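Following: one structure in structure tokens, then a few remarks.
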Amino acid sequence: MLEWTQMLRKTATVNKITAFTITLLVLVATTACGKAVSAQTTQGIAISPPVFELTGNPGDTLNNTIRVDNLTDADLGIELDKKNFTAKGDEGAVGLSDEENSFSLATWIEESKDVAPITAKTSRLIGFRINIPQNAEPGGYYGAIIFRTKAPQGMKATGATLSQEVAALVLLRVAGSVNETASISTFTSTKKLFEYGPVGFEAQVKNDSTVHIKPTGGITITNFFGQKVATVEITQKNILPSATRNLYGTWDQPWAIGKFTATISMVYGDNNQMLTSSTSFFMFPYRAAGAILLVLSLFGAVIYKGRRRLAKMAKVLFAKDAE
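The sequence shown: position 306 = 441 (our numbering), numbered continuously.
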């Protein structure tokens with residue numbers, strides 16, 4: 136009996152030591168994780184404005200500033216770079232590149248070389264200059280000023296340190312005689328038959344000009360009788376030379392019945408040149424109509440089957456009235 140008691144005491148002591156050791160390891164691990172998390176600094180900057188639309192003459196020097204906001208809790212170093220950009224796809228995306236073409240702007244941009252670190256939660260205005268050559272051809276030129284973050288003060292740059300790049304796009308138009316030519320490649324509703332609204336529209340516009348354009352206008356919707364029932368605004372977007380871009384509009388009509396025609400009309404360029412195209416679509420709440428038709432059919436079937444009984448009842452009623 137004494138031996139069993141001693142064994143139980145030893146086991147309890149071992150369990151207490153094991154529990155204490157596990158608890159200590161958990162506390163150490165938690166403390167280490169806490170230090171690791173607290174040592175991480177989320178980097179982030181924002182710039183304003185994100186897009187510059189400028190106009191100048193050959194030989195002009197254009198000076199502008201960009202506001203850079205440090206959104207983090209630590210000081211951030213900033214590096215500046217410049218690139219050209221071109222359109223990618225038909226949704227407005229751009230691709231940055233060092234390659235030169237007839238629309239390149241980067242070599243004309245003079246950015247600040249030495250930018251002091253931006254204090255946490257503060258902003259700074261950073262200037263840049265565009266030197267338009269005397270022999271610059273009229274038309275559009277496109278470049279980007281890139282802001283790249285460096286490791287915060289007091290932290291060494293490592294593989295785990297995140298670097299952020301933000302680009303301000305510059306669309307420059309050099310004054311003079313330019314070719315402005317555009318066309319609507321396609322214009323259609325998102326479906327041909329709508330049970331309910333809204334009705335979406337998509338227009339694909341191709342820019343064959345030597346300068347960017349921003350078509351403005353809207354969509355007129357008419358019913359089967361040619362009566363105007365609604366006007367829809369079209370999103371206004373820049374379209375770069377030799378690029379195609381999708382423009383969208385939405386008719387927020389809950390429901391309707393019939394055939395409708397949508398006509399898009401837009402103007403662009405210095406001479407307000409017109410772009411127009413039309414498409415047709417149908418609106419019909421076919422499931423609701425089917426349910427109503429089913430109820431009417433059942434009601435008609437009941438009346439048809441009971442027509443003889445109804446006729447007899449009518450005769451009885453008329454006979455009583457005659458008496």
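We treat Cβ as the ideally placed atom computed from N, Cα and C, and that holds for glycine. Please read these numbers as outputs of a predicted model, since none were measured by experiment.
Query	Result
Cut-off 6 Å between Cβ atoms - residues of its own chain near Leu304, not counting five sequence neighbours on either side	Val186 and Ala279
Cα-Cα separation, Gly275 to Thr284	30 Å
Anticipated Cβ contact below 8 Å, Val367 with Thr357, distance rounded	Not a contact, Cβ separation roughly 12 Å.
Beta-carbon gap between Phe434 and Lys394 smaller than 9 Å	no
Residue range of the unbroken beta strand (DSSP E) whose run includes Ile213	Gly212 to Lys223
C-alpha gap between Arg443 and Val430, whole angstroms	22 Å
Helix, strand or coil at Val367 according to DSSP, with G and I counted as helix	strand
Residue from Asn192, Asn198 and Glu226 whose Cα sits closest to the Cα of Gln269	Asn192
Backbone secondary structure at Ala228 - three-state DSSP	strand
Nonlocal neighbours in the same chain, by C-beta distance under 6 Å from Gln175, ignoring five residues either side	Residue placement at Gln175 cannot be trusted, given a pLDDT of 33 that sits under 50; the coordinates are not used to answer.
Check whether Pro104 and Trp386 have beta carbons under 9 Å apart	Only positions 136 to 458 of the chain appear in the structure, and residue 104 is not among them; the question remains open.
Within the region 236-301, ranges of the alpha helix (DSSP H) (whole runs, at least 4 residues)	none
Whole-number beta carbon distance between Ala338 and Ile369, since they are thought to touch under 8 Å	7 Å
Nonlocal neighbours in the same chain, by C-beta distance under 6 Å from Thr411, ignoring five residues either side	Ser400
Supposed close pair Lys218, Ala241 - CB separation, criterion 8 Å	6 Å
Euclidean distance between Cα positions of Lys341 and Asn407	16 Å
Meets three-Cβ-pair contact criterion under 8 Å: the region 200-215 and the region 236-254	yes
Delimiting residues of the beta strand (DSSP E) encompassing Ile201	Thr196 to Asn205
Three-way DSSP call (helix, strand, coil) for Ala310 in this model	coil
Nearest-angstrom Cα separation, counted from Leu211 out to Lys258	Position check: residue 258 holds Ser in this sequence, whereas Lys was assumed. Distance between the alpha carbons of Ser258 and Leu211: 11 Å.
Bridge partners - Met409, DSSP secondary structure assignment	Val402
Proximity to Val135 [Cα-Cα], best of Gly224, Ala228, Gln299 and Ala310	For residue 135 there is no data in the structure shown, the boundaries of the chain being 136 and 458.
Rounded distance between the beta-carbons of Val229 and Phe238, thought under 8 Å	In fact, because the Cβ distance is near 12 Å, the residues do not count as touching under 8 Å.
For Asp195, the nearest candidate out of Gly335, Asn266 and Ala436 (CA to CA)	Asn266
8 Å contact criterion, which Leu306 and Tyr277 should meet: CB distance rounded	6 Å
Anticipated Cβ contact below 8 Å, Ala302 with Asp343, distance rounded	That pair is no contact at about 26 Å.
First and last residue of the uninterrupted beta strand (DSSP E) at Leu189	Val186 to Gly191
Residues near Asp225 in its chain [Cβ-Cβ closer than 7 Å; skip 5 each side]	Gln339, Thr379, Arg380 and Asn381
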